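Here's the structure we're looking at; comments come further down.
Number of protein chains: 2
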Amino acid sequence: MTRSRDDFPLSATQRTLPIALLRAREAVMERFRPMLRDIDVTEQQWRVLRVVQEAEEIDATQLARAACVLAPSLTRILKSLESRGLITQGRDKNDRRRTLVRLTEAGDALLHEAGLVSAKIYAEIEAKLSAERIADLLDALERMTDDLTRQDDAGNGD
Amino acid sequence: MTRSRDDFPLSATQRTLPIALLRAREAVMERFRPMLRDIDVTEQQWRVLRVVQEAEEIDATQLARAACVLAPSLTRILKSLESRGLITQGRDKNDRRRTLVRLTEAGDALLHEAGLVSAKIYAEIEAKLSAERIADLLDALERMTDDLTRQDDAGNGD
DNA sequence: CTTTGACACTTAACATGTTAAATAATAATC
DNA sequence: GATTATTATTTAACATGTTAAGTGTCAAAG
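Residue numbers (my numbering), protein chains in the order written: chain A, 5 to 162; chain B, 5 to 162.
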C-alpha cells in the first residue's frame with residue numbers, strides 16, 4: 005500500500021523558500037536524470053557542457069558563473085571532461101592566467117544527440133504545466149534572484 | 005562602475021527551470037550562510053535539525069524526506085550531529101529497523117538561538133520582496149512540484 | 001519454524017559543494 | 001624594474017550528493 009511519496013505534514017519548514025526551491029528543482033531534475041545517466045554525464049557536467057556549447061569558447065570564470073558551479077568543482081569537472089575527449093582547455097594568450105574552454109567534435113556530437121532528448125523532456129514538462137506557467141515562474145524567479153542579489157541597501161525605494 | 009556579478013548574456017541555458025531554480029536558491033541561501041557558519045552547521049544539517057525540532061521525534065525515513073537529504077547523507081549527518089551532542093538516536097521498539105531521532109537540550113537551545121536570527125533574515129527577505137510575492141511564489145513552486153511529481157499516467161489510478 | 005521477500009538503514013566509491021590556503025600571472029605602485 | 005596587490009586558477013580537506021551493494025529486521029508463505 006504505497007502511501008504516496010510525501011505524506012509528511014506541511015509544517016512550517018516546508019513552507020520556506022529554500023526548501024520549496026529545492027523540492028521544485030528535484031521534481032524537475034528527476035525527469036532529466038535518466039537521460040544524463042544514459043550518456044554518463046552528471047548534472048553539473050551537463051550544465052558546463054551546455055554553456056560551453058552556447059559560447060563556442062569561454063574562460064573558466066565566466067563558465068563557472070554561467071553553469072552555477074564553484075571554481076574548485078569546475079577544475080575537476082574540466083579535467084574529467086577533457087580526459088573523456090569532450091572538451092579542450094587552452095590558455096588565453098593575452099592573459100595566461102585564464103583557461104579557455106572549447107567543445108571538441110565528440111563533445112559537440114554528444115550534445116547534439118542528447119540535446120534532442122533534453123528538448124523533448126522539456127517539451128513534456130511544458131505540456132504538463134503549460135508554457136505560460138513556466139514563463140511566469142521563470143520571470144518570478146529571475147526577478148527574485150535579481151532583487152536579492154542586488155546590493156542596493158540605501159534609498160531602498162524600489 | 006560595478007558591472008554586477010552576473011553580466012553573462014541571458015542565453016537559452018539561463019532561461020530554464022533547473023538553472024533558474026538553482027540560481028534563485030543560491031540567492032536566498034546566500035543570506036543564511038553567515039548565520040549557519042556562525043553556529044558551525046551546514047545547510048543540510050540545519051534542515052535536519054529544523055525538521056527534528058518540529059517533529060519532537062521522527063524516524064530517519066520521514067526525516068530524510070522532509071529535510072530533502074538522501075538516506076546515505078542522513079546517516080553521516082546524524083552521526084555527526086550525535087557526536088556533537090545535538091541529537092540522540094534510538095531504535096523504535098515496535099520496529100527495530102527504524103531509527104528514531106530526537107533533539108537534545110543542547111540542540112534545542114542551539115535552534116532556539118539560531119532560530120531567532122533565521123527568522124530575522126527571513127523577515128528581511130520578506131521586506132525586500134513583499135510577503136505576498138513570496139507567498140505567490142511558494143504557491144507556484146508547490147503546485148509545480150506537485151504537478152510534476154504526481155504520476156497521473158491516465159488510467160493507472162495509483 | 002524456516003524461507004522468501006520487502007523494508008530501513010548502512011557502507012562503499014566516486015563526484016561535487018564549500019571554505020581556506022597555495023600558485024601563477026597580471027596590474028599597480030614606488 | 002622590483003615590490004606589492006589583485007586576479008585566475010588550483011589544491012587540500014571535509015561534508016554532502018548519488019548510485020549500487022550489503023546488513024539487519026519485519027512480514028508473509030510454506
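Glycine residues also receive a C-beta, built at the ideal position from the N, C-alpha and C atoms.
Owing to the predicted nature of the structure, the values given are computational and were not obtained by experimental measurement.
Contact check, residue i vs residue j, beta carbons under 9 angstroms
i	j	result
cysteine 72/A	isoleucine 81/B	no
arginine 29/B	leucine 26/A	yes
alanine 64/A	threonine 103/A	yes
leucine 164/A	isoleucine 129/B	This structure leaves residue 164/A out entirely; chain A is present only between 5 and 162.
leucine 85/A	leucine 67/A	no
glutamate 47/B	arginine 37/B	yes
alanine 32/B	leucine 74/A	One point to set straight first is that residue 32/B is valine, not alanine, in the sequence displayed. Not in contact: valine 32/B and leucine 74/A (Cβ atoms no closer than 9 angstroms).
valine 52/B	leucine 114/B	no
tryptophan 50/B	alanine 131/B	no
Beta-ladder partner(s) of residue i, from DSSP
i	result
arginine 62/A	It is worth fixing the name first, because residue 62/A is isoleucine in this sequence and not arginine. Answer is Val105/A.
threonine 92/A	Arg106/A
Report task. Give the residues from the region 77 to 95 of chain A that approach chain B closer than 8 angstroms (Cβ to any Cβ), ordered along the chain. Result -> Taking 8 angstroms as the Cβ-Cβ cut-off against chain B, none of the residues of the region 77 to 95 of chain A qualify.
Report task. Please determine if the region 85 to 92 of chain A and the region 101 to 113 of chain A are in contact, where contact requires at least 3 C-beta pairs separated by less than 8 angstroms. Result -> Output reads yes: the region 101 to 113 of chain A touches the region 85 to 92 of chain A.
Report task. Closer than 7 angstroms, Cβ to Cβ, to anything on chain B: give me those residues from the region 130 to 149 of chain A, in chain order. Result -> From the region 130 to 149 of chain A, only Lys132, Leu133, Ile138, Leu141, Leu142, Ala144, Leu145, Glu146, Met148 and Thr149 have a Cβ closer than 7 angstroms to chain B.
Query raised in the report: Counting Cβ pairs, one atom from each stretch, are 3 or more of them under 8 angstroms apart for the region 126 to 146 of chain A and the region 135 to 155 of chain B?
Result: They touch, by the three-pair rule.
Query raised in the report: Going along the chain, which residues of the region 32 to 47 of chain A sit with their C-beta nearer than 9 angstroms to a C-beta in chain B?
Result: The region 32 to 47 of chain A vs chain B, Cβ under 9 angstroms: Val32, Met33, Glu34, Arg35, Phe36 and Glu47.
Query raised in the report: What residues from the region 54 to 70 of chain B come within 7 angstroms of chain A, judged by C-beta to C-beta, listed N to C?
Result: Residues of the region 54 to 70 of chain B that bring their beta carbon within less than 7 angstroms of a beta carbon in chain A comprise Arg54, Val55, Glu58, Gln66, Arg69 and Ala70, in sequence order.
**Report entry** Runs of alpha helix (DSSP H) wholly within the region 18 to 47 of chain A (minimum 4 residues, chain order)
**Finding:** Fully enclosed alpha helix (DSSP H) runs of 4 or longer: 21 to 42.
Requested in this report: Indicate whether the contact test is met: 3 or more Cβ pairs, each with one atom in the region 40 to 58 of chain A and one in the region 52 to 61 of chain B, closer than 8 angstroms.
Outcome: Touching, no, given that fewer than three Cβ pairs across the two stretches are closer than 8 angstroms.
Query raised in the report: Along the chain, which unbroken stretches of the beta strand (DSSP E) at least 3 residues long are found entirely within the region 119 to 160 of chain A?
Result: Runs of the beta strand (DSSP E) inside the region 119 to 160 of chain A: none found.
Query - Residues from the region 100 to 111 of chain A in contact with chain B, defined by Cβ distance under 7 angstroms - result: From the region 100 to 111 of chain A, no residue has a Cβ closer than 7 angstroms to chain B.
Report task. Please list the residues of the region 17 to 33 of chain A that have a C-beta atom closer than 9 angstroms to any C-beta atom in chain B, keeping them in chain order. Result -> The region 17 to 33 of chain A vs chain B, Cβ under 9 angstroms: Thr17, Gln18, Arg19, Thr20, Leu21, Pro22, Ile23, Ala24, Leu25, Leu26, Arg27, Ala28, Arg29, Glu30, Ala31, Val32 and Met33.
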